[in-house]
Amino acid sequence: MRKINKPIKFFGLSSGQFAVFMLVVALIIIFSIFKQLHPVFIIGIVSGILGLSGMLFGTLKKEHKAGNPDYLTGISVRSATPRQIRDKKQIFKFILQRSK
2 MRKINKPIKF FGLSSGQFAV FMLVVALIII FSIFKQLHPV FIIGIVSGIL
52 GLSGMLFGTL KKEHKAGNPD YLTGISVRSA TPRQIRDKKQ IFKFILQRSK
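Residue numbers (my numbering): 2 to 101.
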């Protein structure tokens with residue numbers, strides 16, 4: 002039952018994240034075509050996007066296959082978690098003394 006209720010992931014991204022990524026890529030390509038850039042520049046932009054996304058999605062796919070589908074969420078939670086907890090008002094010490 003757990004496998005049925007899993008959210009769908011595209012290259013390790015949720016459907017909303019993947020849609021935003023594809024929208025940005027499409028806008029960049031459309032903008033470069035409408036600005037009438039030289040075809041070499043357009044091909045360079047597209048190949049750069051494909052190469053960069055291939056490198057970035059490689060890590061996401063690897064983590065997703067390893068059983069960690071929420072890799073990006075884990076990174077954001079890890080960066081927001083403090084490295085060390087300081088007990089300035091001695092609250093933990095008070096709780097420990099009361100429990101003894």
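Built from N, CA and C at the ideal position, the CB exists for glycine as well. These figures come from a predicted structure and were not determined experimentally.
**Study point:** L61 in three-state terms, based on DSSP
**Key:** helix
Check your understanding: Using the C-alpha atoms, what's the distance from F93 back to R99?
Key -> 10 Å
Review point. Out of L51, P40, F42, H39, which has the shortest C-alpha to C-alpha gap to V25?
Key: L51
Practice item. Assuming I34 contacts I43 (C-beta within less than 8 Å), just tell me the rounded distance between them. Key: 7 Å
Exercise for review: Could you tell me if L14 is buried or exposed, where buried requires 16 or more neighbouring beta carbons within 10 angstroms of its beta carbon?
Suggested key: buried
Review point. Mind checking L61: buried by the 16 CB within 10 Å criterion, or exposed?
Key: buried
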